[in-house]
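Trainee:
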Amino acid sequence: MAELFRLDGRTVLVTGAGQGVGRQVALTCAAQGAAVAVNDYYRDRAESVAEEIRAAGGRALGLGGDVTDFDGVTRLVDTVAQDLGPIDILVNNAGNAGPAQDPMRPAPPFWETGPKEWEPWLGTNLYGVLNTTRATVPGMVERGYGRVVTVISDAGRVGEPHLVVYSGAKAGAAGFTRGLAKAVGRHGITANCVSLGPVRTPGVATATEDADQVKAMLRNYVVRRLGEPADPANLILFLASGEASWITGQTYPVNGGYSFAV
Ligand SMILES: NC(=O)c1ccc[n+]([C@@H]2O[C@H](COP(=O)([O-])OP(=O)(O)OC[C@H]3O[C@@H](n4cnc5c(N)ncnc54)[C@H](O)[C@@H]3O)[C@@H](O)[C@H]2O)c1
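According to the numbering used here, the sequence shown holds residues 16 to 277 in order.
Structure below.
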């Protein structure tokens, strides 16, 4: 039997891939033969993951860039097309509280906050997804093939009291994905979301490195361990592959059983 989930000849853009889940997605796609554009707000992080891929014999390009900057994203997509080839697979991974904040820091209640506080959450988790999708989908339509996989959070499916705007932004990205899936399906493009529970990454280290907090958190999880970046990366690889061509518009939880999809 032929090997499954190979991405030979495909070009992938992974946003926010300088660490955490995105880094693992980039490494996994590269290991399956894809050329990988590694984006991160912090250029040095992006370069370092790209270098890791090249050192293992893969093709990769590290690109600094902020997904909330529409013109910047458009330029970035053009650079990828020139240097690696047109983008077949987009993984919208950049998220959390945006590049400059700790998403796990104690936050005031929503009703004490305003647009200035909401902006980083909405910017990266919702507008960033729109920007990169807008910039990459025309090429996919032209070529009659594409995969868009967006990383959301269970906060967006079931709501989190301390992450109210984040919950809304991630739910917005999932709703956007459902509409997009219907709009692009006839062009050979699928669009899906992967919804995460707590995964051990640098971005959420404040919560996942505190033993008492982890113990309390895991009481709500059927599988009593934190997620590792490979847990979502493996599903993202499947959804990004040719084998997943009849799956679109869906949101798949990868969450240790915190919530179930029906
Ligand atoms: N780790 C978790 O527990 C968890 C849980 C639910 C959902 N998620 C989601 O998974 C995704 C990855 O999370 P993670 O924990 O690996 O993140 P992380 O914070 O460890 O890494 C994210 C990377 O994205 C980059 N980034 C942030 N904003 C950006 C922007 N505007 N433009 C470009 N790059 C940007 C950061 O510089 C960082 O290197 C995010 O969408 C997050 O919301 C994570």
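Virtual Cβ for every residue (Gly too), placed ideally from N, Cα, C.
1. Is the CB-CB distance between Gly77 and Ala65 below 8 Å?
2. Using the beta-carbon count (16 or more within 10 Å), is Gly271 buried or exposed?
3. Which residues bound the alpha helix (DSSP H) around Asp55?
4. Can you say whether Asp246 is buried or exposed, counting buried as having 16 or more other CB atoms within 10 angstroms of its CB?
5. What does Leu211 pair with, by DSSP beta-bridge criteria?
6. With respect to the beta strand (DSSP E) encompassing Ile251, which residues constitute its N-terminal and C-terminal limits?
7. How many Å lie between Cys208 and Ala70 at the Cα?
8. Quick test of the definition: if touching needs 3 or more C-beta pairs under 8 Å, does the stretch 100-107 touch the stretch 158-167?
9. Tell me which residue opens and which closes the beta strand (DSSP E) that Gly35 is part of.
10. Go ahead and pull the three-state DSSP assignment for Asn146.
11. From this set, Lys230, Phe20, His202, Gly87, which residue's C-alpha is nearest Glu157's C-alpha?
12. Beta-carbon separation of Asn111 and Gly190 under 8 Å?
13. Decide if Leu19 is buried, meaning its Cβ has at least 16 other Cβ atoms within 10 Å, or exposed.
14. Cutting at 7 Å between CB atoms, please list the residues of its own chain near Gly200, excluding the five before and the five after it.
15. What does DSSP give as the partner residue(s) for Ile104 in the beta ladder?
16. Does the beta-carbon of Tyr57, which I'm using as the reference point, lie nearer than 7 Å to any heavy atom of ligand 1?
17. Would you check whether ligand 1 has a heavy atom nearer than 7 Å to the C-beta of Arg240?
Mentor: In short, the structure shows the following:
1. Reading the sequence shown from its first residue, position 62 is the one you call residue 77. Reading the sequence shown from its first residue, position 50 is the one you call residue 65. With respect to the 8 Å criterion, Gly77 and Ala65 are classified as neighbours on the basis of their beta carbons.
2. Position 256 of the sequence shown, counting from 1, holds the residue named residue 271. Buried.
3. Along the sequence shown, one-based indexing puts residue 55 at 40. No alpha helix (DSSP H) contains Asp55, which is instead part of the beta strand (DSSP E) from 50-55.
4. On the sequence shown, residue 246 is found 231 positions in, with the first residue counted as 1. Asp246 should be labelled buried.
5. Your numbering for residue 211 matches position 196 in the sequence shown. According to DSSP, Leu211 bridges with Ser168, Val269.
6. Counted from its first residue, the sequence shown places residue 251 at position 236. Boundaries for Ile251: no beta strand (DSSP E) harbours it, while the alpha helix (DSSP H) harbouring it runs 245-255, taken from the DSSP string.
7. On the sequence shown, residue 208 is found 193 positions in, with the first residue counted as 1. On the sequence shown, residue 70 is found 55 positions in, with the first residue counted as 1. Spanning the two alpha carbons is a distance of roughly 30 Å.
8. By the Cβ rule, the stretch 100-107 counts as touching the stretch 158-167, because three or more pairs are nearer than 8 Å.
9. Counted from its first residue, the sequence shown places residue 35 at position 20. Segment 35-46 is the alpha helix (DSSP H) holding Gly35; no beta strand (DSSP E) there.
10. In the sequence shown, residue 146 corresponds to position 131, counting from 1. Residue state for Asn146 is assigned as helix, using DSSP reduced to three classes.
11. On the sequence shown, residue 157 is found 142 positions in, with the first residue counted as 1. Closest option to Glu157, Cα to Cα, is His202.
12. The residue given as residue 111 occupies position 96 in the sequence shown. The residue given as residue 190 occupies position 175 in the sequence shown. Taking 8 Å as the Cβ cut-off, Asn111 and Gly190 do not qualify as a contacting pair.
13. In the sequence shown, the residue the question calls residue 19 occupies position 4. The residue in question, Leu19, is exposed, as its Cβ has fewer than 16 Cβ neighbours within 10 Å.
14. The residue labelled residue 200 in the question sits at position 185 within the sequence shown. Excluding residues up to 5 positions away in sequence, Thr263 lie with their Cβ nearer than 7 Å to the Cβ of Gly200 in the same chain.
15. Looking up residue 104 in the sequence shown gives position 89. Bridge partners of Ile104: Val27, Arg162.
16. Along the sequence shown, read from residue 1 onward, the residue named residue 57 stands at position 42. Yes, the beta carbon of Tyr57 sits closer than 7 Å to at least one heavy atom of ligand 1.
17. As a working mapping, residue 240 is identified with position 225 in the sequence shown. Taking non-hydrogen atoms of ligand 1 into account, the C-beta of Arg240 is found less than 7 Å away from none of them.
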